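A.B. asks: One structure is given below, represented as structure tokens, and several questions about it will come after.
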Amino acid sequence: MGVRLPTGVGLPSTEYMIDILKPARYINSEWNAVHKEWDQSALKIALAFPDVYEIGMSHLGMRILYGILNKEKDVICERAFTPWPDMEKRLRDKKENLSSLESGRALKEFDIVGFSLQYEMNYPDVLNILDLGGVSLYSRDRQEGEPIVIAGGPCAFNPEPLADFVDAFVIGEAEEAILEIVSAAKGEGLGVNCRREAVLKKLSKIQGVYVPDHVIARPKAEAISEIASFPGVARNDMIVSKRIIKDLDNSFFPTDIIVPYIQIIHDRIGIEIMRGCPHQCKFCQACKIFHPLRIRSVKRIMEIAEESVKNTGYEELSLLSLSSGDYPHIEELAWKLEEKFKPLGVKVSLPSLRVGSFEERGGMDTLKRAGLTFAPEAGSERLRHALNKNIQDSEILEKSRAALNAGWKKVKLYFMIGLPGETGEDLDAITNLAGKIKNVNLSVSPFIPKPHSDFEREGMEGMEILKEKQKRLSSRLQAKGSRIKANFHSPETARIEGALARGDKNTARVILKAWEKGLRLQAWTEHFNYNLWEQAFQETGIDPENYLKKKEAGEILPWGFIV
Ligand code: SF4
């Protein structure tokens, strides 16, 4: 396959892309992509997503930041993604840098490279993007003229594993802090004469920004226990508090998102209707980091929906939030969407928990009847109650029945195993519940005690026990016939994810070693290599078990200074 690239695209020196899988990942000029004059901008920012184009382009945070930054007249914001291994090989063979899609400039030419950290398994890709982009890996090695590397997203709530490689972390909702960062960078002449130190010092004073090398009177996490009893050091000095959008309704929301040439994971308009979650499930990290609950009004959602359909031509929209079934005006919103979009043929995805009631009332024509998903997380109501996940079996069974009777094809149930307090009966309750639904698939993942969740001090179940539990579920499902399909997530991947999520500054050595060993795209089953991860831990002398074991009350947590 040879693909000739249009002029002025992301990789200008690569005239032909021969034998490159999905070359549309690397070209630009998609509908709504923003192109600005390079020389006329005071600040150039590359948003880098440490996974492939199809994943990064689906991410709401990228869409929001791209929109906010490009609305600024003198700021350029462009995109870069992890290349697939074939493209990485090509770049390395030709000694070319990874560049942004819009201008085709190497990442090292930007003033700021901003990473979105959504998943710990992407950490080696952060290093890979920096290296391919021509940026020094370690913050301490970066010279004047090199970009400031900033990272945000859920994983930044434990920044220490990447602290050696990232100049500044934004904790919390980056759209709240991004223009303060821009103004600090411009004010210190970044982009004109690149005063790195001055910019970093200024960034460290912005609420929600953690600059590991400029912790002014703020002790390193490892030292908190000593400092805590040290008179004269204010407790506040040790804390980085997250940023949050206070008024969701009036916050920026992009209505002219980029429409890719190839299918991406969420190839539709996604409208965030609510941020935060009214529930507080004990295993849940998201409800803590996106706390408090904020609601977008029906009026604003309708405006966003209408503008987005007009600006993109998409014929499908979905409502996004952690728990859309709890959106207080869902009935009103659903019928307004039906009224507006039925004549236009636009399909709407509604939260699974509410689908049954719409179908019972005759159904909506705009309703996208894809899969119905429920996340009971634990098999028994007893364990669910202990987790604070208060969803009843009867509710799941009734909603599933109503939807399946109305023509829906499948129900998908999400469970975790290895939860604190789990017994054999709780496991058996998973297959019992599934057995009561006509068309059902299961997704079963090992529980990982994530930082900031109520279970952050719990230990993670050992791999052998997790495998035993999977076997038990599997054989019970087989006994029920082949009707129920189950997808068991790998305990090996979960173990590495857990160790990285709960890591500290030493974890940086493991991440570097993993990258040196060639580990890339570790969120992809076909690329995940447990043996190489094991070697990376062994060769750096770090035992992952130290991160995965139970943490005693009073033990210092590496992420304890983030609130
Ligand atoms: S698991 Fe879901 S319902 Fe529970 S707190 Fe988290 S986001 Fe909310």
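In terms of this note's numbering, the sequence shown is residues 626 to 1188.
Idealized CB from N, CA, C, for every residue including glycine.
As the structure is a prediction and not an experimental result, all values here were calculated from the model.
Going by beta-carbon coordinates alone, are His-1114 and Ser-1070 separated by less than 8 Å?
C.D. replies: yes
A.B. asks: Out of Trp-709, Ser-922 and Ser-728, point me to the one whose CA is closest to Val-659's CA.
C.D. replies: Ser-728
A.B. asks: In the structure shown, what three-state DSSP assignment does Met-1041 receive?
C.D. replies: strand
A.B. asks: Would you decide whether Asp-736 is buried or exposed? Buried here means 16 or more other CB atoms lie within 10 Å of its CB.
C.D. replies: buried
A.B. asks: Can you look up Ala-673 in the DSSP assignment and give me helix, strand or coil?
C.D. replies: Ala-673 sits in a strand when the DSSP states are folded into three classes.
A.B. asks: Going by the CB atoms, is the gap between Met-1088 and Pro-1045 shorter than 8 Å?
C.D. replies: no
A.B. asks: Please confirm if Pro-885 has its CB atom under 8 Å from at least one CB of chain D.
C.D. replies: Among the chains of the structure shown, chain D does not appear; only one protein chain is present.
A.B. asks: Tell me, to the nearest whole angstrom, how far the beta carbon of Glu-1002 is from that of Arg-1009; I am working on the premise that it is less than 8 Å.
C.D. replies: 7 Å
A.B. asks: Within the same chain, show all residues whose beta-carbon is closer than 8 Å to that of Pro-749, passing over the 5 residues directly before and after it, in chain order.
C.D. replies: Ile-1136, Ala-1139, Trp-1140, Leu-1144, Arg-1145 and Gln-1147
A.B. asks: Output the distance between the C-alpha atoms of Gln-1103 and Lys-1110, rounded to the nearest integer angstrom.
C.D. replies: 9 Å
A.B. asks: Can you tell me which of Ala-1119, Pro-1183 and Tyr-691 puts its alpha carbon nearest to the alpha carbon of Pro-879?
C.D. replies: Tyr-691
A.B. asks: Tell me whether Ile-1032 is buried or exposed, calling it buried when 16 or more other Cβ atoms sit within 10 Å of its Cβ.
C.D. replies: Just to set this straight, residue 1032 is Gly in the shown sequence, not Ile. Exposed is the call here.
A.B. asks: Under 8 Å by Cβ, that's how I've got Lys-1061 and Ala-1126 pegged, so tell me the actual separation to the nearest angstrom.
C.D. replies: No, Lys-1061 and Ala-1126 are not in contact; Cβ-Cβ is about 34 Å, not under 8 Å.
A.B. asks: With a floor of 3 residues, list each beta strand (DSSP E) that falls wholly inside the segment 884-965, ordered by position along the chain.
C.D. replies: List check, beta strand (DSSP E) in window: 894-897 and 941-945.
A.B. asks: Between Leu-1103 and the ligand SF4, is the CB less than 7 Å from at least one heavy atom?
C.D. replies: Reading off the sequence, residue 1103 comes out as Gln, not Leu. No, the Cβ of Gln-1103 stays beyond 7 Å of every heavy atom of the ligand SF4.
A.B. asks: Is it the case that the CB of Gln-768 approaches a heavy atom of the ligand SF4 more closely than 7 Å?
C.D. replies: no
A.B. asks: Have a look at Gly-1179, Lys-1142 and Asn-657 and flag the residue whose alpha-carbon is nearest the alpha-carbon of Tyr-886.
C.D. replies: Out of Gly-1179, Lys-1142 and Asn-657, Asn-657 has the C-alpha closest to the C-alpha of Tyr-886.
A.B. asks: Within 10 angstroms of its Cβ, does Gln-1163 collect 16 or more other Cβ (buried), or is it exposed?
C.D. replies: exposed
A.B. asks: So Ile-883 packs on Glu-655, CB below 8 Å; how close in whole Å?
C.D. replies: 5 Å
A.B. asks: I'd like to confirm the pairing. Which residues does DSSP put opposite Trp-1113 in its beta bridges?
C.D. replies: Going by the sequence as given, residue 1113 is Phe instead of Trp. In the DSSP output, where bridge partners are listed per residue, Phe-1113 has Val-1069.
A.B. asks: Secondary structure at Leu-755, three-state DSSP: helix, strand or coil?
C.D. replies: Leu-755 falls in the helix class under three-state DSSP.
A.B. asks: Is Ala-1003 close to the ligand SF4? I mean its beta-carbon at under 7 Å from any heavy atom of the ligand.
C.D. replies: no
A.B. asks: Could you pull the DSSP bridge partners for Val-824 from this structure?
C.D. replies: Answer is none; Val-824 lacks a bridge partner.
A.B. asks: Are the beta-carbon atoms belonging to Ser-683 and Ile-890 less than 8 Å from one another?
C.D. replies: yes
A.B. asks: Only counting the same chain, and skipping five residues up and downstream in sequence, which positions put a Cβ closer than 8 Å to that of Ile-898?
C.D. replies: Ile-920, Arg-921, Ile-926, Leu-944, Leu-945, Ser-946, Ser-949, Tyr-952 and Leu-958
A.B. asks: For Val-795, which beta-bridge partners are listed by DSSP?
C.D. replies: Val-834
A.B. asks: Looking at Val-934: is its Cβ nearer than 8 Å to the Cβ of Ile-894?
C.D. replies: Yes, the Cβ-Cβ distance between Val-934 and Ile-894 is below 8 Å.
A.B. asks: If distances are taken between C-alpha atoms only, which option among Asn-1131, Gly-797 and Gly-812 comes closest to Gln-832?
C.D. replies: When the alpha-carbon of Gln-832 is set against those of Asn-1131, Gly-797 and Gly-812, the nearest one is in Gly-797.
A.B. asks: What number of angstroms, rounded off, separates the C-alpha of Glu-695 from the C-alpha of Val-834?
C.D. replies: Inspection of the sequence shows that residue 695 is occupied by Asn rather than by Glu. Whole-angstrom Cα-Cα distance: 22 Å.
A.B. asks: Can you tell me which of the three DSSP states Pro-1001 falls into?
C.D. replies: Of the three classes helix, strand and coil, the one that applies to Pro-1001 here is strand, per DSSP.
A.B. asks: Quick check: Asp-664 and Phe-706, are their CB atoms within less than 8 Å of each other?
C.D. replies: no
A.B. asks: Do Glu-697 and Val-807 have their beta-carbon atoms positioned less than 8 Å apart in this structure?
C.D. replies: yes
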